[in-house]
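Take the sequence shown: its position 161, counted from the start at 1, is 160 in numbering that gives the first Met the number 0, and no numbers get skipped.
The beta-carbon is built from N, C-alpha and C at its ideal position, and this holds for glycine as well.
Computed from a predicted structure; not experimentally measured.
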Amino acid sequence: MALVFALLLAGPPAAHAASRDAGPCAGQAAARHGHIAAVLDRRAGARRTRGQLGDARADRRRSRWHARLARYYGEQALLRPVPRGTAITYRTLRRSRALRRSFLTGFEQLTPENEMKMERLQPAPGVFRFAEADRMVRFARRYCKRVRGHTLVYGRQLPRWATDGRFGPEQLGFEMEWHVRTVMSRYAGRVAEWDVVNEAIGPDGSYARNVWFDALGKRYVERAFRAAHDADPSARLFYNDNGIELPDHPHTVAVRAMVARLRRRGVPIHGVGIQNHVSTAHHASEAQLARTIRGFTSMGLNVAITEMDVKLDPPGTRARRLERQRLVYRAAARACARNPRCSSFSTWGVGDGVSWLGPMAGGLLFDRGYRRKPAYSAVSRSLGSPAAP
Ligand code: G3I
């Protein structure tokens, strides 16, 4: 505790203060500690009164667990300069207690994996369905976790009405901006960071063909960012992309050129998300990733590692492959932590059992039984938590 309060008084290291903050309960870390403890105690009390806890032993065990969680969050927020995040699906969050426990103890930030995409939020023109996204945001905030909004304008996971040709270019532009404004306004003040545009550039460095580009040309990117900023001027707005880990790859070069142009035009863009879906055989080295990150931060942008997973490639025993995976994760976490403008580090899922790559890919920090893999503590240590449990 003495260490916690010493750090609280000292504040964050100056170099980090500009881009890294303490999350949804910023500025009241000590109060938060007390607040969470009180909330958890009240809940435990309520359950007791309702007689849902069964016997007194279970009751005591639950209280001890809540108390540990409360201590953990209070200390965690103060000690970790770079928050760890992860994508979660609503379905898994609802169904798996093991997932909830791993998330609550292992991460400080949540990205809804699919629940904030256009096909889910606006299945018919003008018909918004926020229930699942709302529940995820409420869950995260209840435990003082940040939320990264993902994603407002994307060429995939679109509702049929946006792609079936019923709207001409002008109407599509209006619909896109209206979607952005509606979603951003709803979560203003609760979701501080958004992937506004996702994967607008293809692997060869040209603009990706999608319904937005076909209708509006490359200006759609700028329009999306301006609409987002109008709707919530306090949100940090990111461009997010896959395959931009290597500094000299045509894809990365093109993204750098695009965001530089946006900055020159005064477009409100604050950061670039590097997804970092890689494998043990194909990945950037720490030096390469550090150079890529610098390429963006030297323009005054923040960077986040937004969707990392490291698929286990053959050859080798499982132990050897896990060790290679540990080194790949560690390199990325170090590259991020060593740049003061790298503001968070997220994986695309918690445990290997629920991953977009399927259960055999083995790319995440927890295994299928939600046990920590060797990469977990390498990431925790590299992101700078002397207190990582
Ligand atoms: O919701 C339907 C369900 O009703 C149906 O029964 C089922 C049958 O397959 O499909 C379900 O939809 C799936 C959806 O995930 C929800 O699980 C889609 O088929 C599936 O294509 C979709 O995949 C998502 C993918 O984006 C689509 O592009 C992944 O979960 C999601 O992890 C992935 O995430 C993307 C990021 O947004 C951007 N960066 C790349 C990353 C990985 O592809």
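Once the 5 residues before and after Glu118 are set aside, which same chain residues still bring their CB inside 6 Å of it? For Glu118, same chain residues with a beta-carbon under 6 Å away, outside a window of 5 residues either side, are Gln156, Leu157, Pro158 in chain order.
Can you have a look at Gln170 and say buried or exposed, based on whether 16 or more other CB atoms are within 10 angstroms of its CB? The residue is exposed, with fewer than 16 neighbouring Cβ atoms inside 10 Å.
Environment of Met135 [buried if 16+ CB atoms lie within 10 Å]: Buried: at least 16 other Cβ atoms inside 10 Å.
Roughly how many whole angstroms lie between the Cα atoms of Asp351 and Ser284? Taking C-alpha positions only, Asp351 is separated from Ser284 by approximately 23 Å.
Rank Ala57, Phe106, Asn338, Ser381 by C-alpha distance to the C-alpha of Arg83 and give the top, closest one. Checked all of Ala57, Phe106, Asn338, Ser381; the closest Cα to Arg83 is Phe106.
Based on the DSSP secondary-structure assignment, which residues constitute the bridge partners of Leu109? Per the DSSP secondary-structure output, Leu109 pairs in a beta bridge with Thr85, Val146.
Looking at C-beta atoms only, is the number of pairs between the region 242-250 and the region 209-216 that lie closer than 8 Å three or more? Because the criterion of three Cβ pairs below 8 Å is not met, the region 242-250 and the region 209-216 do not touch.
Trp394, enclosing alpha helix (DSSP H) - first and last residue: This structure gives no information on residue 394, because the portion of the chain shown stretches from 0 to 388.
For Gly383, which residues in the same chain have their Cβ closer than 7 Å to its Cβ, ignoring the five residues on either side in sequence? If you ignore the 5 residues before and after Gly383, its C-beta comes within less than 7 Å of the C-beta of Arg79, Pro80, Val81, Ala336, all in its own chain and listed in chain order.
Between the alpha carbons of Thr279 and Gly167, how many angstroms are there, rounded? Cα to Cα, the separation comes out at about 45 Å.
Candidates Glu174, Val252, Arg320: which alpha carbon is nearest Trp160's? Closest by alpha carbon: Glu174.
Rank Gly148, Arg340, Ala55 by C-alpha distance to the C-alpha of Ala86 and give the top, closest one. Minimum Cα distance to Ala86 is reached at Gly148.
Please indicate yes or no: does the CB of Thr150 lie closer than 7 Å to some heavy atom of the ligand G3I? Correct: Thr150 has its Cβ closer than 7 Å to the ligand G3I.
Cβ-heavy atom distance between Glu112 and the ligand G3I below 7 Å? Relative to the ligand G3I, Glu112 has its C-beta within less than 7 Å of a heavy atom.
Can you give the Cα-Cα distance for Ala281 and Arg59, rounded to whole angstroms? The sequence shown places His at residue 281, rather than the Ala named in the question. Approximately 48 Å between the Cα atoms of the pair.
Among Arg94, Ala57, Val179, which has the Cα closest to the Cα of Lys116? The shortest CA-to-CA distance from Lys116 to any of Arg94, Ala57, Val179 is the one to Val179.
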